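*Asks:* Every letter in the sequence shown is one number past the one before it in UniProt numbering, and letter 128, counting from 1, is 128.
Think of the CB as a built atom: it goes at the ideal place given N, C-alpha and C, for glycine as much as any other residue.
Everything numeric in this text was worked out from a predicted model, so none of it was measured.
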Amino acid sequence: MSDISGARVIGGRTFDFSRRVVVMAIVNRTPDSFHDRGRTFALEKATEAVRAAAADGADWIDIGGVPFAPGPEVSAAEELDRVLPVVQAAQGLAVVSVDTFRPEVAAEVIKQGAGVVNDTSGLRDPAMADAVAGTDAQLVICHSLAPPRTAYPSPRYRDVTAEVAAFLRQKVELALSRGVRPDQIIIDPGHDLNKNTLHSLELTRRLDEIAEIGYPMLAALSNKDFIGETLDRPQRERLAGTLATVVFSIVRGARIVRVHDVRPAVDAVRMTEAMLGWREPAYLRHNI
1 MSDISGARVI GGRTFDFSRR VVVMAIVNRT PDSFHDRGRT FALEKATEAV RAAAADGADW
61 IDIGGVPFAP GPEVSAAEEL DRVLPVVQAA QGLAVVSVDT FRPEVAAEVI KQGAGVVNDT
121 SGLRDPAMAD AVAGTDAQLV ICHSLAPPRT AYPSPRYRDV TAEVAAFLRQ KVELALSRGV
181 RPDQIIIDPG HDLNKNTLHS LELTRRLDEI AEIGYPMLAA LSNKDFIGET LDRPQRERLA
241 GTLATVVFSI VRGARIVRVH DVRPAVDAVR MTEAMLGWRE PAYLRHNI
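Structure representation (structure tokens):
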């Protein structure tokens with residue numbers, strides 16, 4: 001088991017998860033992504049989004065070429081064609097993460113400088129662990145039940161948090177058995193992935209039980225349907241709900257938050273860090 005308080009060097013930068021929360025920006029080079037609906041599919045728009053995210057304070061930038069949700073088949077070659085130019089554009093601006101479930105894509109983006117592989121399939125293909133083992137990259141192991149791009153209607157759990165925790169423990173052991181080091185592993189409970197709104201709310205209330213597994217925890221919450229259904233808000237009106245969920249998740253143990261709206265998320269995260277006693281104010285003037 002890894003200690004969440006340990007500092008890690010990721011993408012050439014040091015992160016101490018005992019006193020630091022990472023803001024991970026989302027840049028999807030896809031025509032059918034969940035939130036942006038192709039807004040950053042064009043390479044120029046994607047590279048602009050990378051620069052804007054870095055300027056707004058993102059610590060990591062997560063680049064995706066294939067959505068998790070159902071849709072048309074995208075070959076590994078096409079996925080690499082989509083993500084590699086954006087990976088290259090992000091070098092030096094932030095830690096580069098790539099959202100992929102394919103080991104061959106992971107191996108190539110690591111060679112090109114990606115510091116994180118974000119596998120939303122939860123090591124459905126164990127060769128993903130082989131692609132990361134022996135490198136300096138981090139591996140995000142996410143809970144999901146169905147294969148990527150596959151519908152999974154009406155998911156059922158007897159105890160969603162306990163079942164997610166058990167799944168993640170099992171997949172961590174699988175990664176370790178294939179040579180991934182403990183200090184390379186990050187876990188993600190997979191909000192809304194093969195879960196309904198009641199599942200995601202319950203999971204969020206009990207995120208501390210996921211954090212107790214002992215690895216840094218990523219919470220991918222931004223603008224998700226469990227926020228929209230809770231508040232009765234459409235996609236473009238979920239920022240306040242997202243920020244509330246981000247802060248709550250940090251208090252429950254999240255150390256990486258994956259977001260679309262970087263600047264307000266950075267402010268919410270940094271303010272939370274300050275209130276927890278982890279960060280000094282930018283300046284002191286009031287009543288000094």
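Touch check for the region 244–259 and the region 170–178: three-plus C-beta pairs under 8 Å?
*Replies:* As far as the Cβ criterion goes, the region 244–259 does not touch the region 170–178, which means the pair count is below three.
*Asks:* From the DSSP output, in three-state form, read off glycine 228 for me.
*Replies:* By 1-based counting over the sequence shown, the position of residue 228 is 228. In this structure, glycine 228 counts as helix in the three-state DSSP scheme.
*Asks:* How big is the Cα-Cα spacing for glycine 190 and proline 182?
*Replies:* Position 190 of the sequence shown holds residue 190. Position 182 of the sequence shown holds residue 182. Roughly 20 Å separates the two Cα atoms.
*Asks:* Counting along the chain, where does the alpha helix (DSSP H) carrying aspartate 130 start and finish?
*Replies:* As a working mapping, residue 130 is identified with position 130 in the sequence shown. Its alpha helix (DSSP H) spans residues 127–132.
*Asks:* Which first and last residues belong to the alpha helix (DSSP H) in which isoleucine 250 is found?
*Replies:* Indexing the sequence shown from 1 puts residue 250 at position 250. Here the alpha helix (DSSP H) through isoleucine 250 covers 239–251.
*Asks:* Would a C-beta distance cut-off of 8 Å place valine 95 and valine 117 closer than the cut-off?
*Replies:* Numbered from 1 along the sequence shown, position 95 holds the residue referred to as residue 95. Numbered from 1 along the sequence shown, position 117 holds the residue referred to as residue 117. Going by C-beta atoms, valine 95 is not nearer than 8 Å to valine 117.
*Asks:* Shortest alpha-carbon distance to leucine 276 belongs to which of Ile250, Leu284 and Val262?
*Replies:* Along the sequence shown, one-based indexing puts residue 276 at 276. Comparing Cα positions, the closest option is Ile250.
*Asks:* Within the region 52–131, note down every full beta strand (DSSP E) run reaching 3 residues or more, in order along the chain.
*Replies:* Those beta strand (DSSP E) runs which fall completely within the region 52–131 and span 3+ residues are 60–64, 95–99 and 116–119.
*Asks:* Let me check understanding here. Comparing Cα to Cα, which of Ser200, Asn196 and Met217 lies closest to glutamine 184?
*Replies:* Translated into positions along the sequence shown, residue 184 becomes position 184. With distances taken between Cα atoms, glutamine 184 lies closest to Met217.
*Asks:* For isoleucine 141, write down the residues that DSSP places opposite it in a beta bridge.
*Replies:* For this step, residue 141 is matched to residue 141 along the sequence shown. Looking at the DSSP assignment, isoleucine 141 forms a beta bridge with Asp119 and Ile187.
*Asks:* Restricting to runs no shorter than 4 residues, where is the alpha helix (DSSP H) found entirely within the region 142–209?
*Replies:* 160–177 and 197–205, all fully within the region 142–209.
*Asks:* Which same chain residues end up closer than 7 Å to valine 23 when comparing Cβ atoms and leaving out the 5 residues on each side of it in sequence?
*Replies:* Within the sequence shown, the letter at position 23 stands for residue 23. So the qualifying residues of the chain are Gly57, Ala58, Asp59, Val257, Val259, Val262, Ala265, Val266 and Val269.
*Asks:* Can you check which of these residues, Asn196, Ala211, Glu209 and Glu212, is closest to isoleucine 227 by C-alpha distance?
*Replies:* Position 227 of the sequence shown, counting from 1, holds the residue named residue 227. Nearest of Asn196, Ala211, Glu209 and Glu212 to isoleucine 227, Cα basis: Asn196.
*Asks:* Along the beta strand (DSSP E) that carries arginine 263, what are the first and last residues, could you check?
*Replies:* For the purposes of this step, residue 263 is identified with residue 263 of the sequence shown, where counting begins at 1. Per DSSP, arginine 263 belongs to no beta strand (DSSP E); it is in the alpha helix (DSSP H), 262–275.
*Asks:* Measuring straight from C-alpha to C-alpha, what distance separates arginine 102 and valine 160?
*Replies:* Walking along the sequence shown from the start, residue 102 turns up at place 102. Walking along the sequence shown from the start, residue 160 turns up at place 160. Between arginine 102 and valine 160, the C-alpha separation is close to 26 Å.
*Asks:* What is the rounded straight-line gap between the Cα of proline 155 and the Cα of glutamate 280?
*Replies:* The residue you call residue 155 lines up with position 155 of the sequence shown. The residue you call residue 280 lines up with position 280 of the sequence shown. Whole-angstrom Cα-Cα distance: 44 Å.
*Asks:* Can we say the region 40–56 touches the region 72–79, given the rule of at least three CB pairs closer than 8 Å?
*Replies:* Because the criterion of three Cβ pairs below 8 Å is not met, the region 40–56 and the region 72–79 do not touch.
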